[in-house]
Amino acid sequence: MAAPCRRMAARSLFHFLSFSRTAGGNSGFRQFSSTSVHRATLQTKSVTEKASSPWTLMAAVCLQRLPVISADCGPIERKFRDMMLQLELEKSLLSDHELRLLEDAERMSRKQADDYDSDEEDERGDQEIVLAQDLEDSWEQKLKSFQPALRVTADADKDLTSLERCLADSLLLVAEQQVGGEKLWLLPQTQWQEGETLRQTAERALASLPAAGFKATFLGNAPCGVYKYKLPKAARTESSVGTKVFFFKAILSDSGPPAAPNAPFLWVKKDELQRYLKPAYMMKVDRFILNL
180 MAAPCRRMAA
190 RSLFHFLSFS
200 RTAGGNSGFR
210 QFSSTSVHRA
220 TLQTKSVTEK
230 ASSPWTLMAA
240 VCLQRLPVIS
250 ADCGPIERKF
260 RDMMLQLELE
270 KSLLSDHELR
280 LLEDAERMSR
290 KQADDYDSDE
300 EDERGDQEIV
310 LAQDLEDSWE
320 QKLKSFQPAL
330 RVTADADKDL
340 TSLERCLADS
350 LLLVAEQQVG
360 GEKLWLLPQT
370 QWQEGETLRQ
380 TAERALASLP
390 AAGFKATFLG
400 NAPCGVYKYK
410 LPKAARTESS
420 VGTKVFFFKA
430 ILSDSGPPAA
440 PNAPFLWVKK
450 DELQRYLKPA
460 YMMKVDRFIL
470 NL
């Protein structure tokens, strides 16, 4: 019984030493032939071709012009404003001007008294005393001569290419672009090119608008929405099924030169978008546009 065990142990030790010698001489790796390397390259290329997306990628910019003036107060907002002003008036202290008004009134009452003594007044010499009421009268005259700018300008509000329209509202830029065989109103978009990020594509879409010259501040590198549509069945191929449009938000920082009257873009409010955008497109855009 001991002899077979010694033979088995010796055989196991022999195989272990043989494997160690082979591993030390050949580094433990099997040599690949040029045929196997070529076959692996072809397989990798085939996998890469299969992994390429059949969707055309595009990036669009949601450019927003923020309100220039404050919006009109609603009924509840007006009531709340009046209440806060009344509370502030009741709990506030007298200002320097109000204290001066009281001092002037007290001085005038002393001058009208029968026992008035001018020596008790401050030594002012021949200096002219300007009363607080006189200052108020001069301020009132300046206020009457001041004409504030109009909050609503009918001519500018009707011009959809003007950035001066609807100053109390937020405006969005839509551009007329060629899609297939028809022209559609869309957020400015362009096709992605290899080697650039989607945000760079959105910036290029904004810069490609004819005679626009808009300067914008983008609000991040991640898209805020996506719109996907398929091509008609007759136009579909294995490498082209449809288009995915990724939207990026941006805030207008410089308007540039005035736009031409026939410019291929418009500045519209959120409630005006449905007049120009397709329903399916509008449904996706409406999700990430805030009416600030």
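Here this note's numbering = 1-based position in the sequence shown + 179.
By construction, the Cβ of each residue, glycine as well, lies at the ideal position given by its N, Cα and C atoms.
Keep in mind the model is a prediction, meaning the values are calculated, not measured.
Worksheet item: What's the gap between the Cα of residue 282 and the Cα of residue 276?
Response: 10 Å
Item to complete: Keeping to the same chain, check which residues put their C-beta closer than 7 Å to that of residue 388; ignore five residues upstream and five downstream.
Response: 354, 367 and 444
Worksheet item: In whole angstroms, what is the alpha-carbon distance linking residue 280 and residue 319?
Response: 16 Å
Worksheet item: Enumerated in chain order, which unbroken segments of the alpha helix (DSSP H) with a length of 4 residues or greater are wholly contained in the region 301-356?
Response: 311-324 and 333-337
Discussion item. Between the region 331-351 and the region 398-418, can you find at least three pairs of beta-carbon atoms closer than 8 Å?
Written reply: no
Item to complete: Inspect the beta-carbon positions of residue 429 and residue 397 and report whether they are closer than 7 Å.
Response: yes
Practice prompt. Answer with buried or exposed for residue 316, where buried requires no fewer than 16 other C-beta atoms within 10 angstroms of its C-beta.
Written response: exposed
Worksheet entry | For residue 272 and residue 241, the rounded distance between their alpha carbons | 49 Å
Item to complete: Would you kindly work out how many angstroms separate the C-alpha atoms of residue 386 and residue 239, rounded to a whole number?
Response: 12 Å
Worksheet item: DSSP three-state call for residue 242: helix, strand or coil?
Response: strand
Worksheet entry | Where residue 376 falls, given that 16 or more other Cβ within 10 Å makes a residue buried | exposed
Worksheet entry | Residues that DSSP places opposite residue 361 in a beta bridge | 358
Fill in: Start-end ranges of the beta strand (DSSP E) lying completely within the region 395-464, minimum 3 residues
404-409, 421-433 and 444-447
Item to complete: Tell me, to the nearest whole angstrom, how far the beta carbon of residue 243 is from that of residue 339; I am working on the premise that it is less than 8 Å.
Response: Actually they are not in contact, since the Cβ atoms of residue 243 and residue 339 sit about 16 Å apart, beyond 8 Å.
Worksheet item: Among the residues of its own chain, which have a CB less than 8 Å from the CB of residue 423, if the five just before and after it don't count?
Response: 234, 235, 236, 237, 405, 406 and 407
Worksheet entry | Classification of residue 395 by the beta-carbon crowding that lies within 10 angstroms, buried from 16 upward | buried
Discussion item. Check this for me: beta carbons of residue 392 and residue 410, under 7 Å apart or not?
Written reply: no
Discussion item. Going by beta-carbon coordinates alone, are residue 349 and residue 431 separated by less than 7 Å?
Written reply: no
Practice prompt. Compute the distance between the beta-carbons of residue 356 and residue 365, then report whether it is under 7 Å.
Written response: yes
Discussion item. Using only CA atoms, which one of 263, 335, 314 and 414 lies nearest to residue 360?
Written reply: 414
Worksheet item: By the 10 Å Cβ neighbour count, where 16 or more other Cβ atoms means buried, how is residue 268 classified, buried or exposed?
Response: exposed
Fill in: Closest residue to residue 362 among 433, 374, 455 and 372 (Cα-Cα distance)
455
Discussion item. If you measure between the beta carbons of residue 470 and residue 449, is that distance less than 7 Å?
Written reply: yes
Fill in: residue 447 classed as buried or exposed, judged by whether at least 16 other C-beta atoms fall within 10 angstroms
buried
Worksheet item: Starting from residue 376 and walking both ways along the alpha helix (DSSP H), at which residues does that stretch end?
Response: That residue, residue 376, is in no alpha helix (DSSP H); it is neither H nor E in DSSP.
Discussion item. Quick check on DSSP: helix, strand or coil for residue 264?
Written reply: helix
Worksheet item: What is the DSSP secondary structure of residue 469, counted as helix, strand or coil?
Response: coil
Discussion item. With H, G and I counted as helix, E and B as strand and the rest as coil, what does DSSP make of residue 236?
Written reply: strand
Worksheet entry | Nonlocal neighbours in the same chain, by C-beta distance under 8 Å from residue 461, ignoring five residues either side | 452 and 453
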